[in-house]
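K.L.:
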Amino acid sequence: MFKELCQKAFPKSLWVYHTNTGACNGCDIEVIDVLTPYYDAERFGIKLVGSPRHADVLLVCGPVTRQVVPALKRLYDAVPDPKLVIAIGSCAVGGGIWFDSYNIVGGADTILPVDYYIPGCPPRPEAILHGVAMALGLVEKQVEPVHLKQLPDRPESIPVESETP
Amino acid sequence: MSAQQLGESVKQRFGDKVISFSVPQPDQLYLTVTSDSIVPVAEYLYKDQGCRFIINSGTDRRQQRGKFLITHFFAQDKEKFYIAVHTEVDEDEPQIDSITPSVPAANWSERETRDMVGVVPTGHPDPRRLVLSDDWPEDLFPLRWDVEHGVKPPSVEGVAPERLAPPEGASVVPIGPYFPVLEEPAYFRVFVEGEEVVGADYRGFYSHRGVEKLGCSVLTYNQIPFIAERICGICGFVHSCSYCQAVERAAGIEVPPRAEYIRTIMLELERIESHTLWLGIAGHIIGFDTVLMQTWRMREPLMWLCERISGNRKTYGMNLVGGVRRDIKPEIYDDIRQVLTDIEREWQELYDAIPGDSTLMARLQGTGILPTEVARSLGAAGPTARGSGLAIDVRVDHPFAAYDRLEVTKCVYDGCDNLARTLVRLDETVDSIKIIRQALQDMPEGPIMAEIDEEIPAGCEGMSAVEAPRGEVFHWVLTGTENRPERWRVRAPTYANLQNVPPMLEGNALADVPICIGSYDPCFSCTERMEIVDVNSGQVRVYSQEEILNGDYRRQDD
Amino acid sequence: MVDADLLIAALVLLVAGAIITTVIARYRRLCGYVAFVTALIAAIWVTMVAWQALTVGPVQARVPLLTITELGSPLLFVVDQLSAVFLLITALIMVCTTLFSMRYILIYERYSLARYYPLLLLFFGSVISVLSVHNMLFFLHFWEFMTLTSYVLVVFHWVNPDSGPAGLRYFIATHVAMVCMLIATIIVYRQVGSLEFAAVREAIAELTVTSPATVHLILALFVVGFATKAGILPFGFWMPDAYPAAPTAASAAFVGTMCKLGVYGIVRFFTTCLPLSHFVTTWGIIIAVLGTISIFIGTITALQQTDSKRLLTFHAIGQTGYMWLAVGLGLALLRISPAVATLALLAGLFHTVNNALFKPLLFLNAGAALYRTGTRDMDKAGGLMAIMPVTAVTAIIASLAIAGIPGLNGFVSKWLIFQSTVVGGFELPVFVFLGIVAIFISAVTLASFLKFLGMLFVGRLHVSPEVERREVPLTMVIPQVTIAIFCVLFGVLPILVMRHLYTAVSAILPSGYSPAFASLFGTSPLTVNLSLSGAPAGAWGPIVILVAFAGCLALAYLIFRMGGARTREVPMWLCGEEHDFAEVRYPVHSFLLTFNRYFAKIYPSIPFAQLARPTAVLKLLDIDRWVYDPMFRALRWIMRGMSASHTGLPQFYMLWMIVGAALAVIVLFSMAGGL
Amino acid sequence: MIASKLKEAILCLRPGLVTLKYPFQPHPPEEDFRGYPEVDADKCIGCGGCAAVCPARAIMIQDIDQNTRRIVRLLERCIFCGRCADVCPEDAITMTKQFELSSDMGREDMESECQVFMATCQRCGRCYEPATPLDRIMQPGFRHDEIKRGGQDSPYEPVKPA
Amino acid sequence: MTFAINIGLALLLGPLLAGVVRKMIRARVHSRQGPPIVQPFYDLFKLLGKEDLESGPGLVLRYAPMVAFAAILAAALLTPMGLRPPLGGYGDMIVFTYFITIAVVGVIMTGLTSASPYSMLGAGREIMMHLIVEPVLIICLVTAAIKCGSLLMWDMAASNYVNGPSISMVVAAVALFLALQAQIGKLPFDIPEAETEIMGGPFIELSGPKLALFQWAFFARQIVYASVLAAIFIPWGTGFALPWNIAAHLLKVIVIILLVGLIDVVNPRLRIDQAMTYFFGVIFVALVGMGFALIGA
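Chains as they are written, first to last, in the working numbering: chain A, 1 to 165; chain B, 1001 to 1558; chain C, 2001 to 2675; chain D, 3001 to 3162; chain E, 4001 to 4297.
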């Protein structure tokens, strides 16, 4: 019974360790912005912690550069289970504008198992809150793959059935 | 003496060692000297003429001329011009005399040039690798034209980086790469005895993303402003603005005055954003979260305002070569004024509260002392320099955009400590509000984008500096074919400021280290945009304070 | 029924053991067994005598061993309750240190054991003798004998460059003190012509009327003498050098017995040899203040040490200060408040007993660490819990005991001391301030021992690769565990110990002086309900509180297990980069450096060491060279010769004793002759 | 000191509670916000101008056959600069105000594809007149077959989830 | 029943009040909405269910959190919380202070065992803070003891209630309040933990249930310290009839904790040397109070 209680408490208290893997600071600043009065993520029990040992969530901003890869792996290992990894910003989602640079490994998911993706450059604080709320099950996902097709005989587009994950 | 006079004086002094000099615009002096005379010329400029070293750059011109082009950039602040000293070295013998022994500020950039294009600075006091990652191959120089931009060498396990050992009796406290108050990865090895810092060592370049390579190999002139903007997420506009100005200078494009005013307004808005942000972070660093919350609450309407003007809260995407993409619509003027008035009122209250707050003063006053002479020799920039009594401000010294038509005050304090740097930023914010008000009032009507009919010719060069919230941002563009620059060199202010950190940390309490580092408002992503990490050598490079300072500076009181 | 003859038998046995161990010194292991068995048997006999004295009443030898008629001084062994308490401690320490020595001393491969075991046994013999004579002359004789034997033990490790100067400093300091006591004795003897304690009392009683200044002089000389031995600052300056220099087992023996004799001497002298007068009050306050100075300086300085044994030695100074504070308080209030005086003396004695348990234990712990790692520098070794769990656990017990953590013995005595300072403060407010210093320093002690534990025992293993990764041998573990058990036992059942100590205290005070035990400490067998003047003043019920604490622990455990968390081993988090542990290990001197800076100069470097500076007087003042060195060389030469021939060394010291005695006798004679 | 602290506290209390109710109440962005770039497939003529100017090279072109041109957009790289919308000659791309793009699927959700029927206008680079001459020169690097999902060929092993 | 009251107050009121401070004080000064009041409980329960990472030798590290937790509870059992403390007859103020010390020892041992440079720094700072703050508590309690002639905490509370306020007690109360901030680890004196300097100091290596125990112990510690201040130095309400004395005590505790929360939120963290200088001053104030008590004022 107590075990269930402890599990239930998990989404109500997400302690966040914020990681920059080579980002430009834009996302980092918006992540901090989410904690400030107008957005106040602490409403959802979210707070920033200083040691990965205390963290439940790893927020990854930025494209993963070669130099941070070992540190990032160690960091992931230092977070106790259960843990979430959220990639914030286009860079962390898919490498962003840097995806093919020589020193970039790619998005966060090339190194870590990422649970949630929040694209944007940088994502608005609301977008980050939306992603977090989605992780908490408060809101629905709003994106899906789009497949449009013009047909030679029928110029109006019809959506192709979307691929199911 | 003016740029022309200086050029002549150099020519006279060094005779045929000076191959040529030109002054395309009164604020730009290009010198070409032989490779054996680079050190005396640099010494003459730095020591005799009082010029400030900015950065150097290496360009692979083997395709065009069979040589590497090394360029040292200096600024003559009193006479308001920039100097580029070109030197060519043979491709068979990629070596150049190091100027670091005479110009300490050149330390990092010379090593960076070695890492990136493989031109070795001979006689460099600390010839270790600077930028590339630990497992990057030693003989692969990313900025050479024949190296593909997307080359990804295999990873190497177990590369043991070479690090500076702590002094006897001290232990190492690693600050970073992941440290809560460093928003970005950077690795300071702080040597402590008890709580006192007795030395420091820095390994950075975790955020090196290879911007310059992308700019020179994949992107076109008008794609680069967007990537330049993403050099730094806080002061991105500064970079795109500086880049565009450099290209405009190189191509001789006249930017419409309205676009200049818009750039000015955005730069100043960005400065306010950045300084409020910094104040909040500084408060957070010393555990004063209320400061963080309240300053960021003040800042938020400004972010909304920027979103309204530019379509995004940050990385506005406004700049293109030749002007700006979006106009500031007259109906927003009043909103801007309103937001500024609100910020000014609250900022003034904050300003009044700080001197009475003894606990806050206790943390800021007398900590993180950076003496004026160190700041000068290591080329500090921006509020860091101005907090140490160096009156340099690009907006006044080398006016750009619309600043020559606006009233700008240099905010200089000579306290040299964290408090001085704080006060500089507080003052500048107030000043920025005044500048924006004035700019809004004076803003002329007209187009916002220059008409560009011809392609940009290859082989032209342009220098441009912009005063970022953290100091002087410097861009140099050498135009090329295929609608992209042949070389685009960026210097961010933190690049210079960061070299000042280890000497400043010494003697402070460990508890003050975060706020000391924070007081520079370091932006590692700016600094590390183009440094590359050498993956194959199996070695990490670090620099000690002595190495950085070339052994000629010690704290007086020890 | 046993009597003091058994005590004499024990002494004889010890001397015999000394001779045998000298003879068989070449058989290093056998030598240890012999010493241990001798010590064990002697300890059992001493314990029997002491126990009887404590429970039944004073035990006296039937006939004096020796009588010097001219001085009217029979060598009569008497064990009263006070002596018994100290004898019991001595017996325990004797067994534990000899057992510990068996393996420990083998690390000194190149040193002859003829300079170790015989002297150790003789040292214990002299301690026992000092504790059981009631005659000033023999008291001083045995005192001197103890000094000499311990001196040789201090310089045992003579190759060590610190050893010689440390020994010299010890030798000179204690002999200056000896001279002081001798002078005082002479003055007393001139007054009454006898050196029995009772006679001394009469002499001083006379002097209080005729010449108060002389009384002050006598008291001052004795206090200096005892303070020097006990290590009370500023007279105990030799201690921080001498104790670490000796083999650790010997250091443990010193700190468990010799150091405590300073307290014994004070209590004995001021209660038995001194009439109740305002002198006692004055000197009580002086003693308490001296004690507090030692507490403060000793412990604060301990906090700055990086050498484990040196750290412990400074704590020995500090802890002795506690005893002096309590004893001084008790003496100061003797004329004012019998209840508080009894309480304070009892507290002082209890702390002495406790200290004689955990302090030697700490030395043994440090010795075990030294045995295993070969270094006393806490920067070079650490995290030994991983390889020496038993030692580490006993070290934790001892450290927490000395820091006064409830449930262990140190707490009870510190609690009593603190109670008595507060209650005594109602009479003499200065004691409240001394008490505040004491309790503050109690926290400093804790800090210091957390550093000791944190650096040496708990934490990550940090030793040089050649160190053997296992627990120390059983003969070294057993003594540590034994003493640790006593520490816990005395902590949990303080009231039982206190009953016996009460007997000792009330016996040395005038009969009917002390209030009844029950009126002081309540009637409960488990709880100390301290009540003075009727109202409850304080309470400590270890059993009840510890049961409650255990309950809380159980609750904590339940909560801990509640979520069913799994465990996983991970490397240390160092912000992402990899580091060598040796590089990021926090050095000992850095620990608490900010605090230590405030008190950096509190323990002045001793001018003694700086004497040899000016070249002109260098040779003259270089006592090392022209006094000590030749003497030491001669000594060494003799020792070598003797150990080579397997004989003679104890006798040599017997000779010293006889010469000393003769000297004293001559002096006294000449004085008796009306010089 | 106490006075200044009290003053600070009062200063801080003055603005009152400013927290927005988002995500329980919408908080739409400002008028010209550059959010999700929406493509009107009907208007698209497949000229590829968007792909040519995209700084992030997130838009890629692939000619499947003579008649069909496939335009793939990878939102995972998009930096929302709006250059594609600027240069689109048919205004087929609009920057919407949609910013709630979070996903738990990553790339799968981030892809959008548009197949354009090119019957009348194959190789249509000619139809497209870029905004400035600077954009005129065609670059390598926006062709699907050149970039693909470039950048994902990491030399490092990813961490496996427990 | 008093057992249940004391333990219950410490275990439940502690986190609850922390939640109230976070929402009503901290968030309000930050102009934001703040977390739910029961957020500390969410945090604790979540931590209890998380993985327990071990980075050093196990024995001490495993039990130190439990010992600290139990020690605070034991101290709570010795503290008067409106009623005679359940174990008041078995331990006096010295026992109380030593149990508080055991909790500190638990923290320090954790730091020392973790052996990371940050935790060692944190442990060192914790010790130094303890060294410099503990005397204030002791001197203040001794002042009360001198006033009432007994070291039992309930006697002090009762006697101060009967005798009414005096100069010495007021000075002592002020000194204790000045030290309270440090005793319960709030800004400007959260130096040992210093999240932004040494990342939680002694707790940097702890995760899951160990961290939960420490956090819970600290929440309880707030109540214990506030109760000492409220019961002994502000004895108003102690003599009321049964439900009312507890209510009065609760009211005092809540006011104290809220005040502490307010100070917490308008101060930056001081450096350890600055804190020590400050506390030398506070000790002096406390000694003045004791001086008054000794001369009977």
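Even for Gly, the Cβ is constructed at its ideal location relative to N, Cα and C.
Identify every residue that forms a DSSP beta bridge with Gln1028/B.
P.N.:
Its beta-bridge partners are Tyr1082/B.
K.L.:
Within its chain, find whatever has a CB closer than 6 Å to the CB of Gly1382/B; leave out the 5 residues flanking it on each side and keep chain order.
P.N.:
Result list for Gly1382/B: Arg1470, Gly1471 and Pro1493, in chain order.
K.L.:
Between Leu2087/C and Val2046/C, is the Cβ-Cβ spacing less than 8 Å?
P.N.:
Against a cut-off of 8 Å, the Cβ pair of Val2046/C and Leu2087/C comes out as a contact.
K.L.:
Any idea what DSSP makes of Gly2512/C, helix, strand or coil?
P.N.:
Gly2512/C falls in the coil class under three-state DSSP.
K.L.:
Is it buried or exposed, Lys4046/E, if we count other Cβ atoms within 10 angstroms and call 16 or more buried?
P.N.:
Lys4046/E is buried by the Cβ-count criterion.
K.L.:
Would a C-beta distance cut-off of 8 Å place Phe1000/B and Val1131/B closer than the cut-off?
P.N.:
With chain B represented from 1001 up to 1558, any question about residue 1000/B goes unanswered, as that position is not in the structure.
K.L.:
Verify whether the separation of the beta carbon atoms of Phe2237/C and Ala2316/C is less than 8 Å.
P.N.:
Not closer than 8 Å, so no.
K.L.:
If you draw a straight line from the C-alpha of Met4120/E to the C-alpha of Gly4200/E, how long is it?
P.N.:
Roughly 11 Å separates the two Cα atoms.
K.L.:
Quick check: the Cα distance between Lys1067/B and Arg1061/B, rounded to an integer number of angstroms?
P.N.:
About 5 Å.
K.L.:
In terms of DSSP beta bridges, what is Leu58/A paired with?
P.N.:
Paired residue(s): Tyr17/A and Val85/A.
K.L.:
Against Thr4196/E, what residues of chain C qualify as contacts under a CB-to-CB distance less than 9 Å, listed in chain order?
P.N.:
Going along chain C, no residue has its Cβ under 9 Å from Thr4196/E, so there is no contact; the nearest lies around 13 Å.
K.L.:
Do Cys3088/D and Gly3046/D have their CB atoms nearer than 8 Å?
P.N.:
No, they are not a contact pair.
K.L.:
By the criterion of Cβ-Cβ separation under 7 Å, what are the contact partners of Pro4209/E in chain C?
P.N.:
Residues of chain C passing the Cβ test: Phe2560, Gly2563 and Ala2565.
K.L.:
Which residues in the same chain have their Cβ closer than 6 Å to the Cβ of Gln1004/B, if we skip the five residues on either side of it in sequence?
P.N.:
For Gln1004/B, where only same-chain residues beyond five positions count, the Cβ hits under 6 Å are Val1023.
K.L.:
Straight-line CA distance for Gly1280/B to Thr36/A?
P.N.:
The alpha-carbon atoms of Gly1280/B and Thr36/A are separated by roughly 10 Å.
K.L.:
Going by DSSP, name the residue or residues bridged to Trp1488/B.
P.N.:
DSSP lists Val1477/B as partners of Trp1488/B.
K.L.:
Only counting the same chain, and skipping five residues up and downstream in sequence, which positions put a Cβ closer than 7 Å to that of Val2327/C?
P.N.:
Correct list, in chain order: Val2263, Ile2266, Val2267, Ile2287, Leu2345 and Gly2348.
K.L.:
Whose C-alpha, out of Tyr39/A, Val64/A and Cys121/A, is nearest the C-alpha of Gln1294/B?
P.N.:
The shortest C-alpha separation from Gln1294/B is found at Tyr39/A.
K.L.:
What does the alpha-carbon distance come out to for the pair Tyr2371/C and Val2159/C?
P.N.:
Each residue's alpha carbon lies about 18 Å from the other.
K.L.:
With burial defined as no fewer than 16 other Cβ atoms inside 10 Å of the residue's Cβ, what is the status of His2278/C: buried or exposed?
P.N.:
It counts as exposed.
K.L.:
So, for Ala3954/E: in the same chain, excluding its five sequence neighbours on each side, which residues have a beta-carbon less than 7 Å away from its beta-carbon?
P.N.:
Since the first residue shown for chain E is 4001 and the last is 4297, residue 3954/E is missing from the structure and cannot be characterised.
K.L.:
Could you give the DSSP three-state label for Met1001/B: helix, strand or coil?
P.N.:
In the structure shown, Met1001/B sits in coil (DSSP, three-state: anything other than H, G, I, E or B).
K.L.:
Where do the N-terminal and C-terminal ends of the beta strand (DSSP E) with Phe1074/B fall, by residue?
P.N.:
Unbroken beta strand (DSSP E) run through Phe1074/B: Lys1067 to Gln1076.
K.L.:
Please check the pair Ile1272/B and Ile1433/B, which I expect to be a contact at CB under 8 Å, by giving their CB distance rounded to whole angstroms.
P.N.:
Sure, about 7 Å apart at Cβ, within 8 Å.
K.L.:
Are the segment 8 to 17 of chain A and the segment 40 to 48 of chain A touching, with three or more C-beta to C-beta distances below 8 Å?
P.N.:
Yes: at least three Cβ pairs fall under 8 Å.
K.L.:
State the beta-bridge partners of Glu3111/D as determined by DSSP.
P.N.:
Glu3111/D is bridged to Leu3074/D.
K.L.:
In whole angstroms, what is the alpha-carbon distance linking Asp56/A and Glu1184/B?
P.N.:
Distance between the alpha carbons of Asp56/A and Glu1184/B is about 20 Å.
K.L.:
Using only CA atoms, which one of Ile2183/C, Val2444/C and Tyr2189/C lies nearest to Phe2296/C?
P.N.:
Ranking Ile2183/C, Val2444/C and Tyr2189/C by Cα distance to Phe2296/C puts Val2444/C first.
K.L.:
When DSSP labels each residue in this structure, what does Ser1022/B get in the three-state scheme?
P.N.:
It is a strand residue.
K.L.:
Comparing the C-beta of Glu2583/C with each C-beta of chain A, is any distance below 8 Å?
P.N.:
Taking Cβ atoms only, chain A never reaches closer than 8 Å to Glu2583/C, which makes this a no.
K.L.:
Just to make sure I have the definition right: I need the residues of chain A whose C-beta is within less than 7 Å of the C-beta of Phe4045/E. Which are they?
P.N.:
Simply Leu5, Cys6 and Ala9.
K.L.:
Please go through the same chain and pick out, in chain order, the residues whose beta-carbon is closer than 7 Å to the beta-carbon of Asn1418/B, but skip the five residues on each side of it.
P.N.:
Closer than 7 Å at the Cβ level, and outside the excluded window around Asn1418/B, lie Leu1364, Thr1367, Gly1368, Ile1515, Cys1516 and Ser1519.
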